[in-house]
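Novice: If you're matching positions, the sequence shown starts at -12 in the working numbering and goes up one per residue.
We put the beta carbon where it would ideally sit given N, CA and C, even for glycine.
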Amino acid sequence: MTVELRNANKIVGGDTHLYDVSIALQPNDLNILLGPTTSGKTSILRLFAGLDRPTSGTLLIDGEDVTGVRVRRRDVAMVYQQFINYPAFSVYENIAAPLRRAGKATADIDRQVRETAALLHIEHLLDRLPGELSGGQQQRTALARALIKHAGLLLLDEPLVNLDYKLREELRTELRHIFQRREATVVYATTEPHEALMLGGHVIVLDAGRALQAGPTIDVYKNPGTIRVGQVFSDPPINVIDGRIEDSMVFLGENIRVPLPAHFTGLAPGAYLFGVRAHHLTVAPKVDGCISLSGRVELAEIAGAETFIHVRHRGVNLVSHVEGVHSFRLGEQIAVFVNPGQMFAFHPGGDLAASPNTVVAGNPAVIATAPADAESEAEDAAPDDPSGEPEPEPEEAAAPDVTLRKDAASGGPAD
């Protein structure tokens, strides 16, 4: 299934959530929407699902304009952040619901439910109610209900965010294998660069309602087109140091200079912004010729077997991410080191000038298309739910079954 969003703008209550976003998904592959909170991930997913319409712009699926097509007429399934399962239905019935609504034969329903449950390792839970499950088991049930639809477009809105670390790692690995075996266009929203790299596929980097860069995930990571892409696709954000190139030397400030690394040899003399990822900023030199940057320790965060050291160097805040548990006193003077061969160079305006990697960077996310006409009035009916869930039971009928988050339902900023 091909999916293309052209020149989409989304304005809610005077607030702009999307600014002229144009993206084309890789068909029958994994597409990752990566960006911080309020970057526009959920807003885009809601457009794909048919829960919302753009204020202006066009959505094409398999070449057909479906901008105003309601969700029940789209071949789409969606998994939310929350564990959305109907409490009165067993796990079996929660998973079977989309097939029952489609009028499938009982034997076919039973076969598919058991196969899908086995795929997600919940076959032993089919007779239980959602209230008897752990958080991870509830999310597996919701995933199973989405997968059993065999929809051409599968949308996942940060589906692992509410799980603990161990469950996230376990389910993320399983999802990667499931995506590889299914012929569907998958869109997976996340705030975590680490998760995007683990899942692979293709990535679309978003920030403040704009699409910044798109391409194979590893290529975009290695070759961020701008400083902002590098910051979004790094955790902690990429360190940036002012400097210049002059006389075949790299100058950082007035006193630090090193020979020009090989990947900078094609750059013209002048001012640059040099980027260093946190894990390339070390507390001991790893190779000969490392640059030493002295500074004052402002914070040392120990996270398991890793330490994040915040250092103030000549008015610039730097973060070093090192393995192991390291103890530093606040205010202590230390030196951190960077291999010049691992530095990025950006032009003063923020565009990438040189990367330590040779992989070609991903293409810009924006597609050159003619502006679309503004969309007409919003749909007059209540939004439908693309998750494949059954209709609410009578006692639940008053509760909307499509809410992604309170702010999204009320028109507030969506992630």
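For H181, count neighbouring Cβ atoms within 10 angstroms of its own Cβ and tell me buried if that reaches 16, exposed if not.
Specialist: exposed
Novice: Does the beta-carbon distance from G188 to T204 come in below 9 Å?
Specialist: Taking the C-beta atoms as reference points, T204 is found nearer than 9 Å to G188.
Novice: The beta strand (DSSP E) that contains K(-3), what's its start and end?
Specialist: -10 to -1
Novice: With DSSP collapsed to three states, give me the class of G328.
Specialist: helix
Novice: Please state whether DSSP places D206 in a helix, a strand or coil.
Specialist: Judged by DSSP in its simplified three-state form, D206 adopts helix.
Novice: Is the distance from the Cβ of G253 to the Cβ of I214 below 9 Å?
Specialist: no
Novice: Taking the straight line between their C-alpha atoms, what separation do you get for P343 and L305?
Specialist: 20 Å
Novice: Using the DSSP secondary-structure output, state which residues sit across from A144 in a beta bridge.
Specialist: Here the sequence assigns Asp to residue 144, which means Ala is not the residue at that position. Beta-bridge pairing links D144 to A176.
Novice: Taking only the alpha-carbon atoms, compute the straight-line gap between F70 and H313 and give it to the nearest angstrom.
Specialist: 38 Å
Novice: Following the continuous beta strand (DSSP E) through E133, name the residue where it begins and the one where it ends.
Specialist: The question names Glu, but residue 133 is Ala in the sequence shown. Counting along the chain, A133 falls outside any beta strand (DSSP E), though it belongs to the alpha helix (DSSP H) covering 122 to 134.
Novice: Got a sec, what are the start and stop residues for the alpha helix (DSSP H) P85 sits in?
Specialist: It spans 78 to 88 - the alpha helix (DSSP H) in which P85 sits, taken as one unbroken run.
Novice: Which residue's Cα is closest to the Cα of P224: A198, A271, Y208?
Specialist: The closest CA to that of P224, considering only A198, A271, Y208, is found on Y208.
Novice: What would DSSP say about Y259, mapped onto helix, strand or coil?
Specialist: strand
Novice: Assuming V192 and L199 make a contact with CB atoms under 8 Å, what is their CB distance in whole Å?
Specialist: 5 Å
Novice: From Y67 to L143, what does the alpha carbon distance come to, in whole angstroms?
Specialist: 6 Å
Novice: Please confirm whether A64 and L17 have their CB atoms less than 9 Å apart.
Specialist: no
Novice: Helix, strand or coil, according to DSSP, for S281 in the structure here?
Specialist: strand
Novice: If you measure between the beta carbons of G311 and V298, is that distance less than 9 Å?
Specialist: No; because the gap between Cβ atoms is not below 9 Å, this pair is not in contact.
Novice: Beta carbon of T177, beta carbon of L12: below 9 Å?
Specialist: no
Novice: Verify whether the separation of the beta carbon atoms of F76 and L116 is less than 9 Å.
Specialist: Going by C-beta atoms, F76 is nearer than 9 Å to L116.
Novice: Could you check the C-alpha separation between F238 and H266 for me, to the nearest Å?
Specialist: 22 Å
Novice: Can you look up S307 in the DSSP assignment and give me helix, strand or coil?
Specialist: strand
Novice: Using three-state DSSP, classify R40 as helix, strand or coil.
Specialist: coil
Novice: Exposed or buried, Q167, counting other C-beta atoms within 10 Å across all chains shown (16 or more means buried)?
Specialist: exposed
Novice: Between K(-3) and G55, what straight-line distance do the alpha-carbon atoms span, to the nearest angstrom?
Specialist: 14 Å
Novice: Could you spell out where the alpha helix (DSSP H) holding F166 opens and where it closes?
Specialist: 152 to 168
Novice: Determine the extent of the beta strand (DSSP E) in which D229 is found, giving its start and end residues.
Specialist: 226 to 233
Novice: Check whether the Cβ atoms of V78 and F35 sit closer than 9 Å, and answer yes or no.
Specialist: no
Novice: What span of residues does the alpha helix (DSSP H) with A105 cover, start to end?
Specialist: 93 to 106
Novice: What are the boundary residues of the alpha helix (DSSP H) that includes I296?
Specialist: Counting along the chain, I296 falls outside any alpha helix (DSSP H), though it belongs to the beta strand (DSSP E) covering 293 to 300.
Novice: Quick one: what does DSSP say F238 is sitting in, helix, strand or coil?
Specialist: strand
Novice: For the alpha helix (DSSP H) containing I243, list its first residue and its last residue.
Specialist: Counting along the chain, I243 falls outside any alpha helix (DSSP H), though it belongs to the beta strand (DSSP E) covering 243 to 246.
Novice: Report the residue from R155, A340, S307, L147 whose alpha carbon sits nearest the alpha carbon of Y259.
Specialist: A340
Novice: What do you reckon, are the CB atoms on R127 and L158 nearer than 9 Å?
Specialist: yes
Novice: Tell me which residues share the same chain as I114 and place their Cβ nearer than 8 Å to its Cβ, disregarding the 5 neighbours each side in the sequence.
Specialist: For clarity, residue 114 is Asp in the given sequence; the question names Ile instead. Closer than 8 Å at the Cβ level, and outside the excluded window around D114, lie S77, V78, Y79.
Novice: Is the separation between the beta-carbon of T294 and that of V309 shorter than 9 Å?
Specialist: yes
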